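Peer 1:
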Amino acid sequence: MTRITLAAAFVFAAWGAQAQGVDRLYVIDCGWAHALDQSRWSPGVNVGVPIDISDNCYLLHHSTGGYLLWDTGITDKVASMPEGMTNGATGMTWHRSKTLVAALAEIGVKPADVRYVAVSHFHPDHTGNVDEFPDATVLIQKAEWDFAFAQPQKPFSADHKAMKLEGDKDVFGDGSAVILSTPGHTPGHQSLLVHLPKTGYVVLSGDAAHFQSNWDNRRVPGFNFSKEETLASMQRIADIMAEKHAQLWINHDKPSSDARRHEPQDYE
Ligand SMILES: [Zn+2]
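Sequential numbering from 799 applies to the sequence shown in this note's numbering.
(1) Alpha carbon to alpha carbon, what distance is there between residue 830 and residue 884?
(2) Any heavy atom of ligand 1 closer than 7 Å to the beta-carbon of residue 1005?
(3) Under 7 Å from any heavy atom of ligand 1, does the C-beta of residue 923 make it?
(4) Tell me residue 943's beta-bridge partners as DSSP assigns them.
(5) Leaving out five residues on either side along the sequence, give the residues of the same chain with a beta carbon under 6 Å from the beta carbon of residue 814.
(6) What does the alpha-carbon distance come out to for the pair residue 941 and residue 890?
(7) Taking all protein chains shown into account, do 16 or more other C-beta atoms lie within 10 angstroms of the C-beta of residue 747, making it buried, or fewer, making it exposed?
(8) Using only the heavy atoms of ligand 1, determine whether one of them is closer than 7 Å to the beta carbon of residue 1050.
(9) In the DSSP assignment, find the beta strand (DSSP E) that holds residue 1000 and state where it starts and stops.
(10) Mind the definition here: the segment 860 to 877 touches the segment 1055 to 1064 only if three or more C-beta pairs lie below 8 Å; say whether that holds.
(11) Tell me residue 820's beta-bridge partners as DSSP assigns them.
(12) Could you spell out where the beta strand (DSSP E) holding residue 839 opens and where it closes?
(13) With H, G and I counted as helix, E and B as strand and the rest as coil, what does DSSP make of residue 935?
(14) Beta-carbon within less than 7 Å of residue 833's beta-carbon, same chain only, minus the 5 sequence neighbours each way: which residues are those?
(15) Skipping 5 residues on each side, what residues in its chain have a beta carbon closer than 7 Å to that of residue 989?
(16) Tell me the start and end of each unbroken beta strand (DSSP E) in the segment 951 to 1036 that is at least 3 residues and wholly inside, in chain order.
(17) Is it right to say residue 966 is buried, meaning 16 or more other beta carbons lie within 10 angstroms of its own, or is it exposed?
(18) For a test of the three-state rule: what should DSSP assign to residue 879, helix, strand or coil?
(19) Decide yes or no for the touch test of the segment 920 to 931 against the segment 945 to 957: beta carbon pairs closer than 8 Å, at least 3 of them.
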């Protein structure tokens, strides 16, 4: 056997022994909300019809790169509010069965173990607990950071270490967790393409679409930053899904969220 084939055999043997790249993904319940009027997200459709929406966080473990948390949900403070937290402006009442920090503890993860906190966008149901991870590096689009911190209400502490991205980012350099620039819902909205050894490719689409029916019918909420960019981003995600044979996990779609395993179970 030549030296090259011997080396190759060794690499393949090591490969077979342990999965490389992102090897586990946990779906974490990061709250849910009752909304009075579904048409907030689907102008002219389902007017006055209430809806319950899910809100998930996703923890990825990389074989050599450590933990990446995708979105942080609504603030953990909601867990101690028996009646939930009502926002009159949006007609939504938020609930949380447990805190994100408690959910992580159930799977043996401390906030200090989380290396990256990546947020799809700056809205409070996605950035509510960024400040629970002071040691982590925040992965966010520069356009999102600039827009968010120009608002009167800051989404989280501006003192965080942050990697301000300008477009896509292959986080671990091996294609197993790739941030995709998908603007439209907000100026610097992003999604995450994950590869898992058994599950295959999954797109965590943030709020590129809120419900399966909105995705299927390409409905765009009236409050989105740009309708044109939202539609272009949906098409971009659809093209990537076709190329990678990827599943789409729509964060706020409660029926599909309920059908998914949540921590302490995982996806491999
Ligand atoms: Zn949201």
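Even for Gly, the Cβ is constructed at its ideal location relative to N, Cα and C. Computed from a predicted structure; not experimentally measured.
Peer 2: Result, derived from the coordinates:
(1) Residue mapping note: residue 884 aligns to position 86 of the sequence shown, counting from 1. Residue mapping note: residue 830 aligns to position 32 of the sequence shown, counting from 1. Rounded to whole angstroms, residue 884 to residue 830 spans 12 Å at the Cα level.
(2) The sequence position of residue 1005 within the sequence shown is 207, counting from 1. Yes, the Cβ of residue 1005 comes within 7 Å of a heavy atom of ligand 1.
(3) Looking up residue 923 in the sequence shown gives position 125. Residue 923: yes, Cβ under 7 Å from ligand 1.
(4) Working through the sequence shown from its first residue, we reach residue 943 at position 145. Bridge partners of residue 943: none, in fact.
(5) Position 16 of the sequence shown holds residue 814. With a pLDDT of only 49 at residue 814, under the threshold of 50, the placement of this residue in the model should not be trusted; the figure read from the coordinates follows. Taken in chain order, the list of residues that qualify is empty.
(6) Walking along the sequence shown from the start, residue 941 turns up at place 143. Walking along the sequence shown from the start, residue 890 turns up at place 92. So the alpha carbons of these two residues sit roughly 27 Å apart.
(7) Shown here, the chain extends from 799 to 1066; a query on residue 747 therefore has no answer.
(8) Position 252 of the sequence shown, counted from the first residue, corresponds to residue 1050. Residue 1050: yes, Cβ under 7 Å from ligand 1.
(9) Here residue 1000 refers to the residue found at position 202 of the sequence shown. From DSSP, the beta strand (DSSP E) with residue 1000 extends over 998 to 1002.
(10) no
(11) Numbered from its first residue, the sequence shown carries residue 820 at position 22. Answer by DSSP bridge pairing, in chain order: 860.
(12) As a first step, residue 839 must be located in the sequence shown, where it is residue number 41. Element bounds for residue 839: n/a, residue is neither H nor E.
(13) Position 137 of the sequence shown holds residue 935. Reduced to three states, the DSSP call for residue 935 is strand.
(14) Counting from 1 along the sequence shown, the entry for residue 833 is found at position 35. Correct list, in chain order: 848, 849, 851, 889 and 890.
(15) Taking the sequence shown and counting its residues from 1, one reaches residue 989 at position 191. Contacts found: 918, 978, 980, 1001, 1002, 1003, 1004, 1006 and 1035.
(16) 959 to 963, 975 to 979, 988 to 994 and 998 to 1002
(17) Counting from 1 along the sequence shown, the entry for residue 966 is found at position 168. Per the 10 Å Cβ criterion, exposed.
(18) In the sequence shown, residue 879 corresponds to position 81, counting from 1. Reduced to three states, the DSSP call for residue 879 is coil.
(19) yes
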